[in-house]
Structure formats: C-alpha cells, structure tokens
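Written out below as structure tokens is the structure these notes cover.
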C-alpha cells in the first residue's frame, strides 16, 4: 500500500520513499454512467474530517492547523520554519491549449491528476488551485471546484466564502481607496499647519503628539530627521503632511467580488458634503486587484507587508510616486490580510489534499495560485512527492506568467508542464463554429471531424512549444467527451508527440476520477524523473520593458513585433524614469487567441501586438501591459446561474453546477 | 464553587441550580493601576481554547461546534432542536443615557456584568453583542470589544473579520444590487419573447427549458398555472419575464464595510457598454443594509430565507412591489447567508462565554444583536442563568427598538434593563462644553461639578422612565472615571432611585473587571428574581404607522407630536396601500439627543418630531421613518485610527485601541 509507485530507483531510495509516503485514508468513488451533475457527485461523497487529512500529511494539529469548520483549515506559515531544511517534491504546472469560452477543465485535470497520484499510485501529491471569485459563480460559470469525478469537496464551501480570503482582499482594497480620496479631500480643506497637527495628534488624548512608525518612514522620504513633531519647520511640516495627490493618477479602483457592470464607470463624490470633489473612476472585480496579486506572490508575512507598503497608488502633482506607506496604511492593510496569507486545506473526492489559495485574474494579473501554498505543499509531499499547480488560460498566458512572474519571484523551478487539450477546443481552432455557454453545441462537436482536429492541432503544437521554450518537459492530457472518437483522440496524441511532447495521454478524470487518470499520472512521474534540464526565463530583469514585451509576444504569441501607443509609451517612459523598468511584465490580452484578437483562432498569421495602456503594480512586482481592452468587471447575463442556486431544508446548497 | 450565587430559593431549587451550573475554567485577571491600554490588557490574557469553553457550557463538539481557528467558533442552529424543551434563563438588556460622541461603554458594561456573574457569582451567564463594522474600527472609533478589564478576547479577531458574517452581508447585498440593475438593462434590450426564452433556458444545455422553483412562485404571482414553458401565451410570457422596474424606486444600495464618504452619492452605468442607462445612487456602510437587519431578526434558516425572499427592492412602473424572489435571488442570497446565521462564540477576559452576532445600525435599523444568539444563549444558561444583551445608543432608541422590534419578532420578554450612565455624559447634558474624540476633555469633566451632574440627571431619569414604560425593572450602572468624585457618584445614585430605578450601583468593570462589577450583578439578579411584571409594547401591530410614530415620539422622546413631510406622507400612503401598514416602525434619528436635534441635550423642551423620509424594510419587517438627515455612510477623519494599526514580527496586530 505504501510503496505502490513504480520507480526505477535504487532500493535505498525506495526505502526512503516508503518511509516518507503518507498513509492516506482514501475515499472510495462509486462511478456512475452517464456522469451525474457535479453537485450530485460532490454531495454523494462524505469528506473525511480535515483534521484527519492534516495529520496524515504531517501538519501539526496543535501549532499549524486552524480549523474553519470540519472540512476546511488554514495552515500556519510557521510550518515552513519547521520544515525549511526538508527537500522539495516535484513541481508540475497545468496549462492548456487556447481555451473555448467553456474552458478546458484545467482544475478538473489538476484534481484528477492528484487523485491518481495520491489515491492510486501511492505517491504523495498535493493540488494547488485558486479560490474562485463569486462573480462568475453567480454569473455565467457556476461552481469552479473541478468537475465530474475530479473535484475538490465540499464543493459548496469551495465556491462560497471559503475562509474569507477574497473578502479580506475586498476590505483591504476598499479601505485603501477610501483613504486616498479622503486624504485628497482633507488636504484640500486644511492649511499645512492644521493638517500636520491633526496627523501627529495622538488618538489617546492623554498622550503627546507623536509620529507613528509609518510616519517616521515618511519623514525619511522627506529627508527629515526628527523624533518630536514640535521641532519641524513649516517646510518640513508641509513635505511630511501634504501628499499632494494628482487625482488623475490614482490607480487604485474600488472592488466588489460581484459581476456588476454598472460599476465599470462611475462618478463618485457627488454628495454636497464632498464639496464638488467629484471624480470619474470605477470598480474592478476583487480578484483583479493588486492586493490579490500580492497575496498570491508574497513569500511570507514580512514580504506581504513590504509589498503592500510599496504599492504605488498615485503620483503627486510633482510626479513623485505615492505608496501605501505614505498614506500610513501599511499596518492596517497587513492586519486585514494576515490571516488570508495562510493557505486553505481541503480535499479531493478521493481524500487527497488540496490547497486553495489566491485567485489573481489571469490576464491583467498573473493568474496563478499562491507561492505560499506551492512552497508549503512542496515541503509536505517530500522529495518524491508531486505538487500539481494550475495556471490560468492557455499556456501562452498561464504558463508564461507562471514562469516569468511566479517562478521568478519564488525561485522555484517546474519539473513538468501538463498541457490540457479537448477535442472541442481543437475543432474550434480547426474552423468549427463558435461554442457558446448555455447553448447546444453545433453538430461538428458531436461527430467525428478528423480534418478539423488535424487543423486545430496547430494550436496544441504551439502551446507545447511555448512550454518547452522554458526548458520544461511537456505531457499532454487529452480530456475526452463521450462523443469524441478514438481516431480523433489518436490523432491528437500523434500531433502532440510530433510537436515535442514527452507523452500525450487520454485522461478520463471527468468520467472516472483518479482511476481514469493513472496513465497520465505515470507519464507525469516519468517526466519528473528526467534529469533536470536548464530552466530558462524568457527575459532578464535588466532588459528594458519594450524588450521584455517583444520576447513574450514573439516567442509565446507568434507576433512579429510589439507596437506601443503614444500614451502607453509616455506612461512607460514615466515608470522607467522613476525606477520601475526592472520589473517583469504581465501582458493583459484576450484568453481566446494566441494574439490580441479573440476572433483569431488556432495559430494566427503574423501580427503586431499593440500595447494601448500600462499599469504599474509595484507591490505585486510587475508592470501590466494592456494589449487591447480588457474588462476587469464582468457583467451578469440575462439568465444568471444564481437562478439555479438554492438552499434546501437541510441547509444544503443546491444548483451550484 | 458551583453554588456561590446567593438566592432565597427553596433547597430543592438550589439543588437544581447546583446541578445545572457550569464548571468554568476561569481566567484570573491581574489588575494594574492605572488601567493600561485595552490592547495591552487583551494581549496579556491567554484565552482558553474555544472548544473547552463550548464543552463547559454544554455545546456538543461533534455536531454543534464549528471551530474558526482556536479562539472562535460558530454554533450550529441544530442546538435549538436539541434544547427546545429546556427553560430559558433570565434576559437582561443593557441600554444607556443619551451618549456623548465617546460612547457610554455599554459593551464594556455588558462584558463586566457577565464576568461578575460567571466568574465571581457562579451564575451561568452569556453576553450577546454585535459584531463591529470595520468602518469605525479603521476610522474614528478603533476597537469595539469592550474596554479596560471588561473585554471580549482575542480583541484583534473580534475587530477584524471575525467569522465573515459582515462580509457575507456585503456579498449578498451587492449581488442583489447588481442583479437589479442588470435586469433593468437586459429587459431594456430584449423583446418579451427573447427575454422569456433566455430566462427559462437551462444552463445545462442538454436539458430542456424549465422553470426553477422561484420561477414557479413568480408564475403564481402572475396568476399563471403552468409546468411547461412552451405553453405560455405571449401575455403570460410578458407578465412572467418583464419585471418592468421603475428605476427611481430601487431602494437597495450597494454596500462596503468601509468609511467611504466619496461613495455617498454617485452615478453608475457610465460605461459605453451600459448604453446610457446611468443612474444616481450611493453606497451604504454594510451594517446599514436590510440584509444585516434580517440576519439579526431571523429566527432560523427557514425564516431567514422567507425574509430575504420578501424584501421589497423596487416597484414596477405600475406600482407593484418587486421582491428578491421576483428576481430569482432567494436561494442564492440564502446560500451566501446561511453560515452567517450561526452565532460566533468567543470569551471574556475572565473566560466566560460571549456570542458575537449581527450588527445592524442603531438608527436606521434596530441596533441590536441577533435573536438567534439570544435564544441560544437563553437555553444554554438554563433557568437560573442570565443572558446580557446590548442595545445601541440611548434607551430611547436601543431599548425601545429592542422591545418594539426585536422582542416583538422573537416573543422573548426581558427581565431587567441596565441603564449605563457616566458622569461625563451627565455633565454634558447638564451644560458642560462638548467632548470631542481625539481632543482633551474640558476641565468641567475632570473636576467636581455637582450642579452640572444634578442638571444632567434629568436625562438619566427620562431614560429610566423610558425603560420602565415597557414594564421592566431598571438597574442603573454608574461607570466611574478616575476623576469622578464620590459626591458626584452618590448624587447620580440618588437621582436614579428617585426616578424609579430598582437600584443604582457604581460598577468598576473598566478598572477591575468582574470583581468590580459584583454589586451591579447582584442588583441585576435581584431585579431578575422579582415576580414577572406585565411586559408591554408601546403599540399594537394593527395601529396605523402615524399612531405608532406618535406613541414612540411622545412616550420615549418627549415630543408633543409628529409631523410627516408631504413626501413622507405620500410614501407612507403608498406603503399602506400595498399592505405594509401593519409593520412596526424604526425611527432613525440622531443618537445625541432625545429629540431629532443633536444639539438639544438633556431633556429638550417640547418639540414636534419631523419625519422627512420613509424606507420600507419588508424583509427585516419594519418601516424606517427618518427624523432628519441620517448618514448611512461615515467618512474617514484626517487622522484615522488605521494609522495606529500595525502587525508586529510575531504576526500580532497592534494599535487597535
């Protein structure tokens, strides 16, 4: 039971594997045909107490486990101190071909893969996935815990508030936004002297005026050395107290975790008490906020605080970058976010462990789950274990950002990329009519179409090459629908191997869970056992932003070059001038094409990638380049999925899938 | 240890008391002088595991306890099924005199009282308090877990996200608001037929078009009997599908749990994709939402769902009230709120139990913690135990709404009202200069001023009479500051007894915790042991709204009469016409005066209460009458308390008090 994993290792190594392999209480699956709705499958399975799972994988109940009800737990970052000298396991990232609007099922593949590894091959394995936004859950997409027999459970808790991390991001971002506008308002109403006096007054009126630690940092920024507020000259008081925000440069938008199109563009401050200080702005969905990107990229509490502190939220009238720390908000935002930095432990349908943590948008941000969760999982699985983490959208976006942003920040190196492909997506790329959520698929998708599949395999080949560009071996997971023919599936495998994939395996995780994913898992293990290759990022920190953009656009998207609009170039020059040119880039573009044009399927003909706009994310640590108009606030459709959701008399949520 | 409580009961009853008295592991307090900052006191105390406390008070660990980390737990409502035949304990509500802007410390009194009862008198006792909004915590007020040696701990968890209930209210309210605007948008773009077809289409495209349960209820509202969408006539399709919202009647505002003055009045829908459908609206702070009031008033999950369903969120162009259920949101909002309906268990500094649950605004809503928590606590303490619950603002508002709204809904009857008074407040009412948060108190407040105190006791007398108007015995808690003189304190006691208080006791909970509150606790026990008196509400359900307003205004505030503005009268007539005249009322007025004028201190001369505006809260089950302009969105001051908040290297939050 403990040593089932087939290996070609020495017996000494094998003993080590046996020694460190978890004894997991597996949850047996009863497989029905046809596959029932996701919610039915999830509800039919009784999860084990999360405390049991935590103990099984080596988490200390007394010091590292914080239960959130019986089936979720936050894991303390102190675990990393205890395990810091332990070797990491293998690191697998799941990407995909360019997706259809229905998605390729990467979360489902991730769950199926760890179910196969953990419940069928006796290999320690952890899935690391993002927490889903409530916006799409109540909008068009529904639940996001995987699908079929490859899911995280309980799926209702996965899809609702989880342990509150996204709510914490909402609270932190909105406090920040409110504080900026309030500061502009108060600075506009007060003399330098009054402003200064109010800022340094103690809230405990018995105490004398004093500087907080953040105020001391602000003093240093102004070049002032002082401990006593009474000693500052009027000029020093002014420099310290007056941030002098240029309202047109405020880059923080307020957020809600709701699809609310009417908040995309709004005017605020129209109350009489706000004295005419109106301003045009908008709300983003919470997961599009920089605070969310920071949560996913921070390595520990200290780093979280440092990243929050250095977020540039506006510029002064003189063009000086103004940070969270200048507004005195570093501590408060850290207080709001500190619990959110602990990953949430859940389980798959077969009782193997899952971390759900972080959920940054996959175009304007880097679309990968958290570094903290991956690192912790890599320690927990141990040297011969496997961590499977998921990246958003196609490999040109998710895997690229996984490597160039997430691995650059973490220093971790992936051992294998899994590229998920469906016949449906390849047919779309081959020229079949569009597929639309909520509408029946055109007949091309339910009949054998070898020519369409062959044509569409060009997209798969390109995405395989994209992953290989980083020096990582690629395994293709072919996820079949019941109507896909054997000939279609064989064709995809053939094309994948010719494009340089180490292997390509039909993986029936949706229909059969881990049992249907054993062959894929074995292929992944073989890839991980290859001698380490030279992992390479696409560009160096020191390269100019323009060169970074060209590297990604030409090597990943197949563009010939990049064109910055005049406005984007001006913004870029400004950012570079104030010292942010050394950051990696995050290109925001449509997920539906390798290019910036969602209509250009498959491998588009040579094109120039236009960069229209730029956003500095100094705290997250990247510069977002907008290739076209990217919505950061979805809308609700006429018939939203919330209409299916109900709570029955037993208090169970129904209709989530 | 078990039978310390002094009683004059028979020995048989005494045995029963002994039998059902909890064995609490108390947390000894080390009292320092002068009283350290709240955060220092809270941090010096090590809380016991909340699972230990839960077991001590009779909560079943396996089925009723949901841990949220080691020091907080949600308690399942299934406890009420198990304990439904057990008798209730005594029910004590804490109110106060008309407060100063610094507050009278009602939460502190509540904590001190249960600490005295539970840790010093051996009486089972539970505190029930509201969850504080993050807005004031980061704005002006700071932490809200009590103060000095009478606090709920851990105070940082109390003041941050707790178990996410307020975030759930935010999510539910914002989904509702987004859904209303989106529905107006889509109805405006689609023909009746397309609108109908889209609404009844299944999200699983394999399935046929069908009606959801909420759609069946909508059909009934239209007088249509049908199971198959294909059978509806065009007129029936139109009635079913077209809500025909009059945008000017939309009463749901979006919410954030942040002090954000720039969101008070805004214009939404200004993006090009929204096709000119702009609308003036605003954000409220989350705790001002009707969903929060519903959370606090719902008796169980079934009632929560029913209340959410019947919330009137707008009127149609034809003047028909449109509910949450018409928008198909009943189930989704219930799914978002179901965990929030479970109260959160915490503990006092001395290890006695506290429920933190619900947090409705105390003027536009009823300002009392939840019915669910009070009911559960009344069962847990048992027949001879005491539940102390807190009501917002002065007794004219908090106690009045406690009785007329909360007890009307719950059917519970209070056994005693505690009216908290400070010399500071009485001096203010007696004519001393204003006290301002963050500024040193004028000298009147730190020197003996018998005349000012005597004059201000008129306010105390009126608030005692207000509580007695409901037929409940009153005990006055005099909360001393170090500078208050013995003569001042004696004066207050004298006035209180003359005004009809059963007792008036100097209670040193802030300086000494439970030990300093024993005399108050004994007085409260004596009040609770009095033969039950006739508890009476101020008005019947069947009285017209105008008569209800007159009853409250004349009997509680000392007004001579009530004047409805023309606009308010029109709104009232409309509400009455569509059947909402039988609801109780909730008068929204300033907390700083018995009248509607915050400058009118003490007992204002006879006045007419003006009602300017009316808001229907059909789900919460009351009609709010606005006596003047009541802000539902606070602002951040120039020097907000967030500037003091930090997280230290151990991950501890500092600066919360």
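Chains as they are written, first to last, in the numbering used here: chain A, 1 to 657; chain B, 658 to 1314. Glycine included, C-beta positions come from ideal geometry on N, C-alpha and C.
Please return the same chain residues whose Cβ sits closer than 6 Å to the Cβ of residue 1036/B, not counting the five positions on each side in sequence.
740 and 743
Can residue 917/B be considered in contact with the ligand HEM, in the sense that its beta carbon sits closer than 7 Å to one or more heavy atoms?
Inclusion of the ligand HEM in the displayed structure is not the case, the ligand content being empty and no account of it being possible.
Should residue 1265/B go down as buried or exposed, given a rule of 16 or more other Cβ atoms within 10 Å for buried?
exposed
Can you check DSSP and say which residues form a bridge with residue 1109/B?
Looking at the DSSP assignment, residue 1109/B forms no beta bridge with any residue, so it has no partner.
Strictly below 7 Å CB to CB, what residues from chain A border residue 977/B?
By Cβ distance, chain A contributes nothing, its closest Cβ being about 20 Å from residue 977/B, past 7 Å.
Let me know the secondary structure DSSP gives residue 1294/B once reduced to three states.
coil
Measuring only the C-alpha atoms, how far is residue 794/B from residue 174/A?
14 Å
Can you give the Cα-Cα distance for residue 1270/B and residue 980/B, rounded to whole angstroms?
Rounded to whole angstroms, residue 1270/B and residue 980/B show a C-alpha spacing of 21 Å.
Can you confirm whether residue 991/B, when its beta carbon is compared against all beta carbons of chain A, has any partner nearer than 8 Å?
yes
Taking 8 Å as the threshold (C-beta atoms), are residue 333/A and residue 621/A in contact?
Taking 8 Å as the Cβ cut-off, residue 621/A and residue 333/A do not qualify as a contacting pair.
Mind reading off the beta-carbon distance from residue 457/A to residue 426/A? Whole number of angstroms is fine, and I expect it under 8 Å.
Between residue 426/A and residue 457/A the Cβ distance is about 6 Å, and since that is below 8 Å, they are a contact.
How far does the alpha helix (DSSP H) with residue 413/A in it reach, from first residue to last?
No alpha helix (DSSP H) contains residue 413/A, which DSSP labels as neither H nor E.
Once the 5 residues before and after residue 987/B are set aside, which same chain residues still bring their CB inside 8 Å of it?
871, 962, 965, 966 and 981
Count the other C-beta atoms from every protein chain shown that fall within 10 angstroms of the C-beta of residue 1299/B, then say buried if there are 16 or more, exposed otherwise.
buried
Which of the three DSSP states, helix, strand or coil, is assigned to residue 1020/B?
coil
Buried or exposed: which applies to residue 875/B, given that a residue is buried once 16 or more other Cβ atoms fall within 10 Å of its Cβ?
buried
Can you tell me which of 1124/B, 1090/B and 1034/B puts its alpha carbon nearest to the alpha carbon of residue 1075/B?
1124/B
Give the DSSP-derived three-state secondary structure of residue 1183/B in the structure shown.
helix
Looking at the secondary structure, which residues open and close the alpha helix (DSSP H) in which residue 509/A lies?
509-512
Since residue 450/A and residue 477/A should fall inside the 8 Å C-beta cutoff, what is the C-beta to C-beta distance between them, to a whole number of angstroms?
Not really, about 20 Å apart at Cβ, beyond 8 Å.
Using CA atoms only, rank isn't needed, just tell me which of 109/A, 281/A and 99/A is closest to residue 147/A.
109/A
Using 8 Å as the limit for Cβ to Cβ distance, is residue 509/A near chain B?
Residue-level contact check: residue 509/A does not touch chain B, since none of the beta carbons of chain B fall below 8 Å from its beta carbon.
Kindly list, in the order they appear in chain B, the residues whose Cβ is closer than 7 Å to that of residue 186/A.
1295
In the DSSP assignment, what residue or residues form a beta bridge with residue 747/B?
1043/B
At the level of alpha carbons, what is the spacing between residue 371/A and residue 299/A?
6 Å
Is the shortest distance between the beta-carbon of residue 216/A and the beta-carbons of chain B less than 8 Å?
No, because no Cβ of chain B sits closer than 8 Å to the Cβ of residue 216/A.
Nearest-angstrom Cα distance between residue 352/A and residue 152/A?
The alpha-carbon atoms of residue 352/A and residue 152/A are separated by roughly 9 Å.
Report buried or exposed for residue 813/B, applying the criterion of at least 16 other Cβ atoms within 10 angstroms of its Cβ.
buried
Whose Cβ in chain A lies nearer than 8 Å to the Cβ of residue 1065/B?
Below the 8 Å Cβ cutoff, chain A contributes no neighbours of residue 1065/B, its closest Cβ being approximately 26 Å away.
Please check if any C-beta of chain B sits within less than 8 Å of the C-beta of residue 70/A.
yes
Just verifying my parser: in three-state terms, what is the DSSP assignment at residue 234/A?
helix
Closer than 8 Å, CB to CB, is residue 577/A near chain C or not?
Checking the listed chains, one finds no chain C in this structure; the protein chains it contains are A and B.
Taking the beta carbon of residue 389/A as the centre, do at least 16 other beta carbons fall within 10 Å, making it buried, or is it exposed?
buried
Using the Cα positions of residue 848/B and residue 899/B, report the straight-line distance between them to the nearest angstrom.
10 Å
How is the beta strand (DSSP E) around residue 1244/B delimited, first residue to last?
1242-1245
Exposed or buried, what is residue 761/B when buried is set at 16 or more other beta-carbons lying within 10 Å of its beta-carbon?
buried
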